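Chemist:
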Ligand SMILES: Nc1ncnc2c1ncn2[C@@H]1O[C@H](COP(=O)(O)OP(=O)(O)OP(=O)(O)O)[C@@H](O)[C@H]1O
Ligand SMILES: [Mg+2]
C-alpha cells in the first residue's frame, strides 16, 4: 500500500488468529442463515470466503461486525467481540455494502464523518481518496457515483483507519475489468503487508486468482477450511489427458490395468489416478505414438460444485496442507 | 509517530455534527423553521393589529408565539430524519461499524440534535416575541419580557421545540422509517388533540390536558387557562413522554439487528 503505517511484517502464515468464529449461528425467523460455523482467519494471506448465493456469507460478515446479534455462538476480532473494540475502524476495515452511504453527502464528507468518529485525521481521508483514485470527484455527491465509484468509496472507507484486518463482501461487484485487477492486487498487497484479508465471493474463478486460504460455506454451514490447493486436491481429481493416433491400441492397455478412462473432447481421453510418466512409458513399450500427454488440474469450480452439491450432510474440516 | 487514541464519546459527537451539517435536509429544515416560525408569528400579529375585532381575552404573549407550532413540524421532521435517513440509505450499518456501541451512537445524535434545536428554538422563540411585540406596539398592545410569565413562555418555547426534536428522534429510531415516523409524530401532536376535544366529562378534560402537545404547549401560555395544565407541570409531563420514548428507542436500538 502506498500510504499509511506499515503493519508488522509477518514472514510466514502466522499462528495468530485474527477472526475466530465458534458455533456461530444466526436464525432469521424460520431460516437458519448461519449454522454453527467454526472457522479462523489468519494474517498474512488473503482468505477467501466462498459460497453460493444465499449461503450466509454476508450474514456472517454482519455478525463479525456486531451489526447483527448471533442467535448462538460467538465471533471475536483480535480476541474481542467487535462491539468492544476501542477504535474499531483502526482495527477492522470493512466493505459490506457499497450502497450503504447517504447519497447526499460528498465522498469527502462521508469519509470525514467516519474518520471523526474514530479520531482519524483529515490527512488520512485525503490519502485514502487518493489511493482509490477518487480525489478528483471527492466533492461530488456519493449518490451520483457509478457502481464502480461507489465500490471504490467503500474500499476507501475500509482503508481509512489503516486497519490490520480487512473484510470485503463481494468487492468485485460493479467494477470493470481494470477495477477487478486493481482490487485483486490491492488485497494481495494488503495481505503481503501482514494484514488479515477476508474476502467473500460466490465466483470461484475470482477466488482462485486472489485467495490462498479458503473458508467454504454452503447453506450456512462451513464445508471446508483449507488452502485453495488443498481444497482442489481434496474435492476434485486431477487427470491426465492423452491424445494418440494409436488410441485403438493404447486404450485397451490402460483399461486392462484397471485405470479409469473417459473420453475427452478432441479425440482424446482422460485417465484418472495415474501419473503421466506411467502412461508415457506404457505407450512407449506398446509402440503407440503420443501427441499429447497433459496433467489437467481440476478447476476450483469443479471442486466447489462437488462439495456444495451435497452440502446438507457433508461437513468436512480439511486442514491446511 | 501518529498519536493513536481510543475513540471516545466526543469523537462520536464530532462525527454526528459533521453528518448533520453535510446533508442539505438539515439546512432546509432549519431555514424553514426560522423563516416560517418567525414569519407566521409576525403575520398573525399584523392580522390582529389590522382587524377591528379585539376581545378582552387577547394574550399578546401567546399570540406572538403562535408561529412556534410550525417549528414543531419542521424540527420534528428534522429529528426523525437524523435517524431515519440512515436506515433508508443503509448508512446505519456503516455508522454502527464505526461506532459499534449503540448507546454511544444514539446519544451522540441526540446531543447534537438537542444542541442545534435548542439554539435555533430559542432564537426563533425570542425573534418571534420581539417582532410580534414590535407590531403590537403600533397599537399599544405590546407586553415586555418582564410581564408575568412572559420570559418563561419565550424561553420555554425554545425548550419545547428542543424536546419535540428529541421525541421525534426517538420515534424515528423506533420505527426506522421516515414517512411512518413523521406521520406518527405529527399524528400524536396535531391529530390526537382533535379527537381529545370530543372526549366527554371530567376525565375527558383530564386526558385532553395530558395529551403531549397540550401538555407541552402549556409552557407558552402567559395567562392561566382552565383547559390546560400549569406551564411547568405541562412541560414536565411532556419531558416525561420524551424520556419514555427515548428510553424505548435506546433499548430497541441496542437490541435490534442493524
Ligand atoms: N435480515 C434478514 N432477514 C431474514 N433473512 C435473511 C436476512 N439476511 C439474510 N437472510 C437469509 O439468510 C440467508 C443467507 O443470506 P446471505 O445474504 O448471508 O447470503 P450470501 O452468502 O451473502 O449470498 P449472496 O452471495 O447472494 O450475497 C439467505 O437465505 C437470506 O435470505
Ligand atoms: Mg451476500
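Protein chains in written order, with the numbering used here: chain A, 7 to 327; chain B, 22 to 279.
Don't be surprised by glycine CBs; every beta carbon is placed ideally from N, CA and C.
Nothing here was measured: the structure is a model prediction, and the numbers come from that model.
1. Could you tell me how far apart the beta carbons of residue 45(A) and residue 206(A) are, in whole angstroms, since I believe they sit closer than 8 Å?
2. For residue 100(B), decide whether its Cβ has a neighbour in chain A, counting only Cβ atoms nearer than 7 Å.
3. So that I know if they touch, is there some Cβ in chain A lying closer than 7 Å to that of residue 176(B)?
4. So which of 32(A), 53(A) and 69(A) has the shortest CA-CA distance to residue 201(A)?
5. Which residue's Cα is closest to the Cα of residue 189(B): 234(B), 118(B) and 32(B)?
6. Here's a check: name, in chain order, each residue in its chain whose Cβ is nearer than 8 Å to the Cβ of residue 135(A), leaving out the five neighbours to either side.
7. Are the Cβ atoms of residue 132(B) and residue 34(B) separated by less than 7 Å?
8. Is the Cβ of residue 121(B) closer than 7 Å to any Cβ of chain A?
9. Alpha carbon to alpha carbon, how far is residue 309(A) from residue 373(A)? Give it in angstroms, no decimals.
10. Looking at chain A, is there any beta carbon in it that lies within less than 7 Å of the beta carbon of residue 226(B)?
11. Which of the three DSSP states is assigned to residue 41(A) in this structure?
12. Determine the direct distance from the alpha carbon of residue 105(A) to that of residue 2(B), and round the result to whole angstroms.
13. Is residue 173(B) close to chain A, meaning its C-beta is less than 7 Å from at least one C-beta of that chain?
14. Does any residue of chain B bring its CB to less than 7 Å from the CB of residue 63(A)?
15. Enumerate in chain order the residues of its own chain whose CB-to-CB distance from residue 19(A) is below 7 Å, with the five nearest sequence positions on each side excluded.
16. Starting from the beta carbon of residue 48(A), find every residue of chain B whose beta carbon is closer than 7 Å, and list them in chain order.
17. Report the partner residues of residue 78(A) according to the DSSP bridge assignment.
18. Excluding the five sequence neighbours on either side, which residues of its own chain have a C-beta within less than 8 Å of the C-beta of residue 96(A), listed in chain order?
19. Using Cβ-Cβ distances below 7 Å, what residues of the region 72 to 89 of chain A are close to chain B?
20. Determine the chain A residues that contact residue 26(B) at a beta-carbon separation under 7 Å, and present them in chain order.
21. Beta-carbon separation of residue 91(B) and residue 57(B) under 7 Å?
22. Out of 63(A), 252(A), 285(A) and 244(A), which one is the CA nearest neighbour of residue 264(A)?
23. Pick helix, strand or coil for residue 39(B), following the three-state DSSP scheme.
24. Would you say residue 118(A) lies against chain B (beta-carbon separation less than 7 Å)?
25. Measuring only between beta-carbons, confirm whether residue 35(B) sits less than 7 Å from chain A.
26. Residue ranges of each alpha helix (DSSP H) run of no fewer than 4 residues wholly in the region 178 to 205 of chain B, ordered along the chain?
27. Measure how close the beta-carbons of residue 307(A) and residue 230(A) come, nearest whole angstrom, since I'm counting them as under 8 Å.
28. Among 241(B), 39(B) and 129(B), which residue has its Cα nearest to the Cα of residue 119(A)?
29. What does residue 208(A) reach in chain B if we use C-beta pairs closer than 8 Å?
30. So the candidates are 129(A), 130(A), 159(A) and 149(A); which of them puts its Cα closest to the Cα of residue 139(A)?
31. Quick one: list the residues of chain A neighbouring residue 117(B), beta-carbon separation under 7 Å, in chain order.
32. Whose Cβ in chain A lies nearer than 8 Å to the Cβ of residue 44(B)?
33. Determine the DSSP secondary structure at residue 308(A), reduced to helix, strand or coil.
34. Going by beta carbon distance, what residues of the same chain come within less than 6 Å of residue 193(B), once the five residues before and after it are set aside?
Modeler: Quick look at the numbers:
1. Against the first chain, residue 45(A) aligns to sequence position 39. Against the first chain, residue 206(A) aligns to sequence position 200. Incorrect: roughly 12 Å between the Cβ atoms, too far for contact.
2. In the second chain, residue 100(B) corresponds to position 79, counting from 1. Cβ-Cβ to chain A under 7 Å: no for residue 100(B).
3. Here residue 176(B) refers to the residue found at position 155 when the second chain is read from its first residue. For residue 176(B), the answer is no, since every Cβ of chain A falls outside 7 Å of its Cβ.
4. On the first chain, position 195 is the one that residue 201(A) refers to. Considering only alpha carbons, the answer is 53(A).
5. Within the second chain, residue 189(B) is the residue found at index 168, counting from 1. Taking only the C-alpha atoms, the option nearest residue 189(B) is 234(B).
6. Locating residue 135(A) in the first chain gives position 129, counting from the first residue. Answer for residue 135(A): 113, 114, 117, 141, 144 and 162, listed in chain order.
7. Sequence index remark: in the second chain, residue 132(B) carries index 111 (1-based). Sequence index remark: in the second chain, residue 34(B) carries index 13 (1-based). Closer than 7 Å, so yes.
8. As a working note, residue 121(B) is residue 100 in the second chain. Closer than 7 Å to some Cβ of chain A, the Cβ of residue 121(B) qualifies, so yes.
9. The structure shown does not extend to residue 373(A), since chain A is modelled only from 7 through 327, so no value can be given for it.
10. For this step, residue 226(B) is matched to residue 205 along the second chain. Cβ-Cβ to chain A under 7 Å: no for residue 226(B).
11. Here residue 41(A) refers to the residue found at position 35 of the first chain. Three-state result, residue 41(A): strand.
12. Nothing can be reported for residue 2(B), as the shown portion of chain B is limited to 22 through 279.
13. In the second chain, counting from the first residue as 1, residue 173(B) sits at position 152. No, no contact with chain A.
14. Here residue 63(A) is taken as the residue at index 57 of the first chain, counted from 1. It does not; no Cβ of chain B falls within 7 Å.
15. Taking the first residue of the first chain as 1, we reach residue 19(A) at position 13. Confidence at residue 19(A) is low in this model, with a pLDDT of 48, below 50, so the placement of that residue is unreliable and no value is reported for it.
16. In the first chain, counting from the first residue as 1, residue 48(A) sits at position 42. The contacting residues do not exist; residue 48(A) stays about 22 Å from chain B at best.
17. Taking the first residue of the first chain as 1, we reach residue 78(A) at position 72. BP columns for residue 78(A) point to 31(A).
18. Counting from 1 along the first chain, the entry for residue 96(A) is found at position 90. Here the set comprises 124, 126, 167, 168 and 169.
19. 72, 73, 74, 75, 88 and 89
20. Counted from its first residue, the second chain places residue 26(B) at position 5. Going along chain A in sequence order, the residues near residue 26(B) (Cβ under 7 Å) are 125.
21. Walking along the second chain from the start, residue 91(B) turns up at place 70. Walking along the second chain from the start, residue 57(B) turns up at place 36. For residue 91(B) and residue 57(B), yes; Cβs fall inside 7 Å.
22. As a first step, residue 264(A) is located in the first chain; it is residue number 258 there, counting from the start. The option with the nearest alpha carbon to residue 264(A) is 285(A).
23. By 1-based counting over the second chain, the position of residue 39(B) is 18. Of the three classes helix, strand and coil, the one that applies to residue 39(B) here is helix, per DSSP.
24. As a first step, residue 118(A) is located in the first chain; it is residue number 112 there, counting from the start. Closer than 7 Å: yes.
25. Within the second chain, residue 35(B) is the residue found at index 14, counting from 1. Closer than 7 Å: yes.
26. none
27. By one-based count along the first chain, residue 307(A) stands at place 301. By one-based count along the first chain, residue 230(A) stands at place 224. The Cβ separation is near 15 Å, so there is no contact.
28. In the first chain, counting from the first residue as 1, residue 119(A) sits at position 113. Selected option, being the one with the closest Cα: 39(B).
29. Here residue 208(A) corresponds to residue number 202 of the first chain, with the count starting at 1. Within 8 Å Cβ-Cβ: nothing; residue 208(A) doesn't reach chain B, min ~20 Å.
30. As a working mapping, residue 139(A) is identified with position 133 in the first chain. Out of 129(A), 130(A), 159(A) and 149(A), 159(A) has the C-alpha closest to the C-alpha of residue 139(A).
31. One-based indexing of the second chain puts residue 117(B) at position 96. The contacting residues are 73.
32. Position 23 of the second chain holds residue 44(B). Result: 108, 110 and 111.
33. Reading the first chain from its first residue, position 302 is the one you call residue 308(A). In this structure, residue 308(A) counts as helix in the three-state DSSP scheme.
34. Numbered from its first residue, the second chain carries residue 193(B) at position 172. If we look at residue 193(B) and ignore the five residues flanking it on each side, its Cβ neighbours are 101, 104, 105 and 202.
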